[in-house]
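Below you'll find the structure, written out as structure tokens, and then a few comments.
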Amino acid sequence: MSIIQIVTDKLSALPPEKQQEVLDFVEFLLS
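Here you go:
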């Protein structure tokens, strides 16, 4: 299983507010 698949699986298990935190963090890393 790739890192992308693992992250996606774990992310899908989180509630929406935690998913938003992950998105914000990823956007921070990309900036």
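Taking the working numbering, I'd label the letters of the sequence shown as residues 1472 to 1502. For glycine and all other residues, C-beta sits at the position ideal for the given N, C-alpha and C. Computed from a predicted model, the values in this text were never measured in an experiment.
Endpoints, the alpha helix (DSSP H) within which residue i is located
i, result
"Leu1482", "1474 to 1483"
"Pro1487", "1487 to 1501"
Whole-Å CB distance - residue i paired with residue j, under 8 Å assumed
i, j, result
"Val1493", "Leu1501", "So it is not a contact: roughly 13 Å between Cβ atoms."
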